[in-house]
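Chemist:
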Amino acid sequence: MSIPDTKQLLHWADQYVALWNSGDKEAWSANWRAVAPGDFRMLDPVGTPEKQGFEHCALDSWDLFQPTVRFRIQPGTLFVCGNEVAWVMENHFTDNGVEGNVVSIETYRFEADGSVVIRTYYRVPDHQDGAMGEIFQTYLP
Numbered sequence: 014m015s016i017p018d019t020k021q022l023l024h025w026a027d028q029y030v031a032l033w034n035s036g037d038k039e040a041w042s043a044n045w046r047a048v049a050p051g052d053f054r055m056l057d058p059v060g061t062p063e064k065q066g067f068e069h070c071a072l073d074s075w076d077l078f079q080p081t082v083r084f085r086i087q088p089g090t091l092f093v094c095g096n097e098v099a100w101v102m103e104n105h106f107t108d109n110g111v112e113g114n115v116v117s118i119e120t121y122r123f124e125a126d127g128s129v130v131i132r133t134y135y136r137v138p139d140h141q142d143g144a145m146g147e148i149f150q151t152y153l154p
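Just so it is clear: in the sequence shown, position 112 is 125 by this note's numbering, and no numbers are missing.
1) Starting from the C-beta of F78, find all residues in its chain whose C-beta is less than 6 Å away, skip the five residues before and the five after it, and write them out in chain order.
2) Which of helix, strand or coil does DSSP assign to N114?
3) Taking the C-alpha atoms as reference points, what is the distance between R132 and Y29?
4) Would you check if the distance between the CB atom of F106 and the CB atom of V82 is smaller than 7 Å?
5) Report buried or exposed for E112, applying the criterion of at least 16 other Cβ atoms within 10 angstroms of its Cβ.
6) Taking the alpha carbon of N34 as the reference point, which residue from V129, A125, M102 has its own alpha carbon closest?
7) Run the CB neighbour count on W25, radius 10 Å, all protein chains shown included, and call it buried at 16 or more, exposed below.
8) Just to confirm, does P88 get its C-beta within under 6 Å of one of the non-hydrogen atoms of the ligand SAM?
9) In the structure shown, what three-state DSSP assignment does R10 receive?
10) Roughly how many whole angstroms lie between the Cα atoms of Q21 and G36?
11) Excluding the 5 residues preceding and the 5 following Y121 in the sequence, name in chain order all residues of the same chain whose CB lies nearer than 7 Å to its CB.
12) Excluding the 5 residues preceding and the 5 following A144 in the sequence, name in chain order all residues of the same chain whose CB lies nearer than 8 Å to its CB.
13) Below 8 Å on the Cβ atoms is my contact criterion, and I expect F92 with A71 to pass it. Report the Cβ-Cβ distance as a whole number of Å.
14) For the beta strand (DSSP E) containing D27, list its first residue and its last residue.
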């Protein structure tokens, strides 16, 4: 496999958000595999132990967060530079009837062997911050 080109990565980014927000797990998974059929590695967030494998890095995140979180890439923050993508993601959620927003910086490096390295940066809420804080803490190793 060759490294995805800019057009492929822009399409992947657009579909990443659209398919997540529409709740289409099968299409979202296929969208990922179109640009990264190989190994997955993820630091989520950076500073925590690395996660590995498509199931753990993508599908577990879907199962845990998709039912309550909607994505929006902040306008003007999607960058495709060679084989890397970066964006500022707004993670909109409803927690006990109150709407919230967690902002993350996310980077993706796609390699010629079909692998991808994902790095995310965000403030991790404390348990006392409510249910979403508990979900984030549950997700962390």
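Virtual Cβ for every residue (Gly too), placed ideally from N, Cα, C.
None of the values given here were measured: they were computed from a predicted structure.
Modeler: Here's the rundown:
1) The answer is none, since no qualifying residue turns up.
2) DSSP, reduced to helix, strand and coil, places N114 within a strand of the structure shown.
3) Computed Cα separation, rounded: 16 Å.
4) Yes; because the gap between Cβ atoms is below 7 Å, this pair is in contact.
5) With fewer than 16 other Cβ atoms inside 10 Å of its own Cβ, E112 counts as exposed.
6) Looking from the CA of N34, the closest CA among V129, A125, M102 belongs to M102.
7) W25 is buried by the Cβ-count criterion.
8) Summarising the ligand content, the structure contains no ligands, and the ligand SAM is consequently not present.
9) With the chain covering 14 to 154 only, the question about residue 10 has no answer from this structure.
10) Looking at the two C-alpha atoms, the distance is approximately 22 Å.
11) Correct list, in chain order: E97, V98, V129, I131.
12) Low local confidence applies: a pLDDT of 49 at A144 is under 50, so the model's placement there is unreliable, with the coordinate-based value given in what follows. These residues qualify, in order along the chain: D108, N109.
13) With a Cβ gap of about 21 Å, F92 and A71 do not count as contacting.
14) Note, D27: premise wrong, no beta strand (DSSP E); alpha helix (DSSP H) at 19–35.
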